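Q:
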Amino acid sequence: MFNRSTVAAVATAALVAAGLAVPSPAAAAPSRAQLALRWAPIHHQDVDATGSHALGGRADYITRVDFDGDLNGRNNWDRAGQSGTSMAAAAYYSVAETSTHWYITYLFFHPRDWVDHPFFETEHENDGEGVMFAIERDGSEYGVLRGAVSVAHTNFYSYTPSGSSWTGGQENVDGTLNFATSPHDSFSHPVTAQEAKGHGLKAHPQYAINGDGIVYYPSTVGETPSNGDDRDVRYQLIDIFAAGGLWAERNNTNLFANLGTFAGDTSGGCGSGTFGCGTNSANAPWGWDDGDDLPGRGEIATNPAKLSAEYFTIPGGVSRTYTYNPYSGAAAALSAAAKTAPRVVD
């Protein structure tokens, strides 16, 4: 006499023999950390070792905001030049979700935005540039990347991958977002690049390595470049919304001069031998602003569905209702800051 388990096993075997697949349990949806890691860019950083402010090229390394062991934004220029400070590679990310899309914003931080000549350009302590990727939730595990908007100083640039269904909207598309395979995982990643010194960020190869440079690959660990011409360095992804993270520290007056703007001063020789040194001259994602375009200050990170609908023509549109967006809780404060905070000219 057969028990229930035996009957079930026989039935399953019969279905398999007949070529009928037994449905497997649905795969768990990827976590936000997994989404961020999957879509994080392979990142090309041009390096210039000219002059004392370059620190032999180290001033162009991406790293953590607290690379020196503290969350004081006003000593980062100084500490970057001291021996013993870590330049382990890192980038910050935040994820916002709607029923139709994921939006992932990446911040690349440098302790210095620097120049090596005395003519007409200022340098400043701290530098924050980045990119936002819009990913359609098409039913596949990680979705499909449809569009990107990058930050180069106080200008935004928009891109679409080859074959994307998104086209230009109220802003023209500025180029193609290319992809490459990482040696550290099985995914094809978008490729971005930053210029040396000022660190504006665009899709590669609109910026590219010119001579020395570093190729960074997304990871859960952060490596320190062996020198200024290292083409395989892993960078650690850090959640902006983590406990004790950048968003939690947004009212820390040692780190931020106002909501969304990193605190920075002129100590440590910033501006010496150059045209000058600016203060409080770098932004976190919720402070990024393109004064010539439509989106409000910080909306590239805090309201990316709105920004995407302005920058692109999107078949089927996008949902404007967020199912996850921790920035939303500070909407009133962010709106007030956008009206009252001085515009940061990076």
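Residue numbers (mature numbering (1 follows the signal peptide of the UniProt record, and there is no 0)): -28 to -1, 1 to 318. Virtual Cβ for every residue (Gly too), placed ideally from N, Cα, C. In this text the structure is predicted, and so the values were computed from the model without any measurement.
Of all the beta strand (DSSP E) runs that stay within the bounds of the region 216 to 283, which reach a length of 3 or more residues?
A: 228 to 230
Q: Along the chain, where does the beta strand (DSSP E) that runs through Arg118 open and close?
A: 116 to 124
Q: Which of the three DSSP states, helix, strand or coil, is assigned to Asp85?
A: Three-state result, Asp85: strand.
Q: So what does DSSP say about Trp138, is it helix, strand or coil?
A: Coil, per DSSP.
Q: Is Leu9 helix, strand or coil when you go by DSSP?
A: helix
Q: Got a sec, what are the start and stop residues for the beta strand (DSSP E) Asn127 sits in?
A: The continuous beta strand (DSSP E) containing Asn127 extends over residues 127 to 133.
Q: Between the Cα of Ala124 and the Cα atoms of Glu113, Leu79, Pro162, Ser158, which residue gives the shortest distance?
A: Leu79
Q: Could you spell out the range, first to last residue, of the alpha helix (DSSP H) harbouring Arg51?
A: 48 to 52
Q: How long is the line joining the alpha carbons of Glu143 and Asp264, rounded to whole angstroms?
A: 11 Å
Q: Is the beta carbon of Gln17 sitting closer than 9 Å to the one on Tyr188?
A: yes
Q: Less than 8 Å between the CB atoms is what I'm expecting for Thr126 and Asp32, so what's the real figure, rounded?
A: Thr126 to Asp32, Cβ: 20 Å. No contact.
Q: Whole angstroms is fine: what's the gap from His238's alpha carbon to Asp38's?
A: Note that residue 238 corresponds to Thr in the displayed sequence, not to His. Those two C-alpha atoms are separated by around 19 Å.
Q: May I ask you to report which of helix, strand or coil DSSP gives Pro2?
A: coil
Q: Mind listing, in chain order, the continuous alpha helix (DSSP H) runs of no fewer than 4 residues lying wholly within the region 285 to 315?
A: Taking only runs of at least 4 residues, the alpha helix (DSSP H) segments lying wholly in the region 285 to 315 are 303 to 312.
Q: Name the two residues that bound the continuous beta strand (DSSP E) containing Gln17.
A: 14 to 18
Q: Which value, in whole angstroms, describes the spacing of the CA atoms of Trp258 and Ser24?
A: 32 Å
Q: Please report how far the alpha carbon of Glu93 lies from the alpha carbon of Asp50, in whole angstroms.
A: 20 Å
Q: If we count the other Cβ atoms within 10 Å of its Cβ and call it buried at 16 or more, is Val316 buried or exposed?
A: It counts as buried.
Q: How about the region 194 to 211 and the region 221 to 239: do they share at least three Cβ pairs that are nearer than 8 Å?
A: no
Q: Residues in the same chain with beta-carbon distance under 6 Å from residue 393, minus the five sequence neighbours each way, listed in chain order, please.
A: This structure cannot speak to residue 393, because the chain is shown only from -28 to 318.
Q: With DSSP as the reference, identify every bridge partner of Ala68, one or two as the case may be.
A: Tyr75
Q: With DSSP run on the structure shown, which of helix, strand or coil describes Arg109?
A: coil
Q: On the DSSP letters alone, give me the boundaries of the beta strand (DSSP E) that Lys174 sits inside.
A: 173 to 175
Q: Take Glu167 and list the residues in its own chain whose beta-carbon comes closer than 6 Å to its own, dropping the five residues that flank it on each side.
A: Asp18, Tyr179
Q: Please classify Ser191: is it buried, with 16 or more other beta-carbons within 10 angstroms of its beta-carbon, or exposed?
A: buried
Q: Determine whether the beta carbon atoms of Ala256 and Gly232 lie at a separation below 9 Å.
A: Inclusion of Ala256 and Gly232 in the CB contact set at 9 Å is warranted, their separation being smaller than that value.
Q: Do the CB positions of Ala62 and Leu209 come within less than 9 Å of each other?
A: In this structure, Ala62 sits near Leu209, with a CB-CB distance shorter than 9 Å.
Q: By how many angstroms is the C-alpha of Tyr129 removed from the C-alpha of Asp146?
A: Answer to the nearest angstrom: the Cα atoms are 6 Å apart.
Q: Thinking Glu97 and Val87 are a contact (beta carbons under 8 Å), I'd like their distance in whole angstroms, please.
A: Not a contact, Cβ separation roughly 13 Å.
Q: Could you tell me the alpha carbon to alpha carbon distance between Ser137 and Pro298, rounded to whole angstroms?
A: 29 Å
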